[in-house]
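Reviewing the structure listed below.
Numbering (the working numbering), first residue to last: 898 to 1170.
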């Protein structure tokens, strides 16, 4: 009975136009963050400093009053999108669309699981934005490396880190698959848009490749007992600089991340919700 009440309440909440607008704003802010990360990667490729992750992108706004206001707006937008994904995990995907599934079957539950996982990601984004808005933001890379170092102090902790690395590789591989197979077009209410197709293919393949590299570095961190290698996207991008044609590889990574940011324009306006 309680479960039915919760489902009904969540279903009614998703009928709210303002809730949907706030959630869509989360896609817009996500796009901006990806574009800023791409900009930081380009700077790194030419020898400048910076942190090529969401903390580095959001931290660019933390030094001014107007910037902190923007960070609070980002916090609300990310939180709205996180709540929307959690709503999808409860009532099923695309709750505002008529004729959605009857909420049974394996595929539906897989979609619910993905919605819940994405919701957790945006909770993290909202938390990071809020911390910077309050003047207490820190580098995501440093936090990741610190957590990894603590986990690697025990055998069980090392196992958790290995599992995390494999999950990141899996997520990255799924991004590449989604880009190559153009599955991202299923997320949109429009079809045949060339701009969305180009941005999506490049964006998903580029971001997925970087995520695979991030997961591989997590495994390397365990194998070499070097937690600093598990500091996330920033460490992955910076590791490219030591490779042959490292600058070119960094610019390609920036192009992929930027393309995903551009694709978020279509998600903002045409995502199935």
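All C-beta atoms, glycine included, are put in the ideal place defined by N, C-alpha and C.
Treat the numbers as computed from the prediction; the structure is a model and nothing was measured.
Inter-residue Cα distance where the pair is residue i and residue j
i            : j            : result
residue 928  : residue 958  : 15 Å
residue 930  : residue 903  : 33 Å
residue 932  : residue 1026 : 16 Å
residue 1126 : residue 1112 : 10 Å
residue 990  : residue 917  : 14 Å
residue 1114 : residue 1041 : 12 Å
residue 1155 : residue 949  : 12 Å
Counterpart residues of residue i in DSSP-defined beta bridges
i            : result
residue 1085 : 1168
For residue i, the three-state DSSP class (helix, strand or coil)
i            : result
residue 947  : coil
residue 1129 : coil
residue 908  : helix
residue 961  : coil
residue 1143 : helix
residue 993  : coil
residue 986  : helix
residue 956  : helix
residue 940  : helix
residue 914  : helix
residue 1078 : coil
residue 1122 : coil
residue 1002 : coil
Cβ-Cβ separation, residue j to residue i (assumed contact under 8 Å), whole Å
i            : j            : result
residue 1103 : residue 1150 : 7 Å
residue 920  : residue 968  : Contact flag wrong, Cβ pair sits at about 18 Å.
residue 1159 : residue 1096 : 4 Å
residue 1070 : residue 1105 : 7 Å
residue 988  : residue 907  : 5 Å
| task | Jot down the residue ranges of each uninterrupted beta strand (DSSP E) in the stretch 1005 to 1035, minimum 3 residues, whole runs only, in chain order. | result | none
| request: Give, in chain order, every unbroken run of the alpha helix (DSSP H) that is at least 4 residues long and sits entirely within the stretch 1033 to 1065. | output: 1037 to 1048
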